[in-house]
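Throughout the sequence shown, residue numbering follows our numbering, covering 2 to 68 in sequence.
Note that CB positions come from ideal geometry on N, CA and C, so glycine has one too.
These notes concern the structure reproduced below.
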Amino acid sequence: MIVYKINVLESLKEAGFNTGRLRNEKLLGENAIQSLRHNEMVGMKALDQICTLLDMQPGNIIKFVNE
2 MIVYKINVLE SLKEAGFNTG RLRNEKLLGE NAIQSLRHNE MVGMKALDQI
52 CTLLDMQPGN IIKFVNE
């Protein structure tokens, strides 16, 4: 199972990207924002955008956990 290592929305907020800005500037779609709120995985395109916005590698954001 893949899980988040960080609170993505909180990290985005600290970087200056609140949910209003993410929506208004079309940086992330509504589905991705809702998935993050519910701690559900986002798609690769959204993960790529998150990596870009936070200047992080995917491994800094997600990890594999053996159930």
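Check: Apart from the five residues on each side of it in sequence, which residues of its chain come closer than 8 Å, Cβ to Cβ, to leucine 23?
Finding: Same-chain partners within the cutoff: Leu13, Leu29, Ile34.
Item checked: C-beta atoms of leucine 10 and leucine 48 nearer than 9 Å -> With a cutoff of 9 Å on beta-carbon distance, leucine 10 and leucine 48 are scored as not near each other.
Checklist line | Boundaries of the alpha helix (DSSP H) in which lysine 64 is found, first to last residue | finding: Run containing lysine 64: none in the alpha helix (DSSP H); it sits in the beta strand (DSSP E), 63-65.
Notebook entry, point to check: Where does isoleucine 34 fall in DSSP's three states?
Noted result: Helix.
Next item on the list: Could you spell out where the beta strand (DSSP E) holding isoleucine 3 opens and where it closes?
Entry: It spans 3-5 - the beta strand (DSSP E) in which isoleucine 3 sits, taken as one unbroken run.
Margin query: Out of Ile63, Pro59, Cys52, which one is the CA nearest neighbour of tyrosine 5?
Written below: Nearest Cα to tyrosine 5 within the set Ile63, Pro59, Cys52: Ile63.
Note to self: Using a 10 Å radius around the Cβ and a threshold of 16 neighbouring Cβ atoms, would you call isoleucine 51 buried or exposed?
What the structure shows: Of the other Cβ atoms in all chains shown, 16 or more fall within 10 Å of the Cβ of isoleucine 51; this residue is therefore buried.
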